[in-house]
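Residue numbers (our numbering): 369 to 435. Virtual Cβ for every residue (Gly too), placed ideally from N, Cα, C. Note that the structure is predicted; figures quoted are calculated from it, not measured. Before any comments, here is the structure.
What follows is the structure in structure tokens.
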């Protein structure tokens with residue numbers, strides 16, 4: 369994204385919504401904690417192909433898109 373586009377969209381407080389997301393895992397359930405760690409890695413890790421795969425697999429569940 370070009371700097372001007374970023375300034376006019378994402379960085380403009382009047383046009384963005386910030387939501388807090390709390391991930392709560394059951395500390396007794398190692399599998400659940402591993403799922404959260406895997407999801408964070410898919411969405412925020414260094415491998416864009418994992419993000420693309422996640423988006424493709426979950427696109428039909430999206431109800432609001434910021435395009």
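- Message: Can you give me the C-alpha to C-alpha distance between residue 405 and residue 428, rounded to a whole angstrom?
- Response: The alpha-carbon atoms of residue 405 and residue 428 are separated by roughly 23 Å.
- Hey, residue 376 and residue 383: beta-carbon distance below 9 Å or not? Result yes, Cβ atoms of residue 376 and residue 383 sit closer than 9 Å.
- Query: Leaving out five residues before and five after residue 378 in sequence, what residues of the same chain have Cβ atoms less than 7 Å from its Cβ?
  - Reply: Once the five neighbours on either side are set aside, the close Cβ partners of residue 378 are 384.
- Task: Would you tell me roughly how many angstroms separate the C-alpha atoms of residue 403 and residue 410, rounded to the nearest one?
- Result: If you take the alpha carbons of residue 403 and residue 410, they lie about 10 Å apart.
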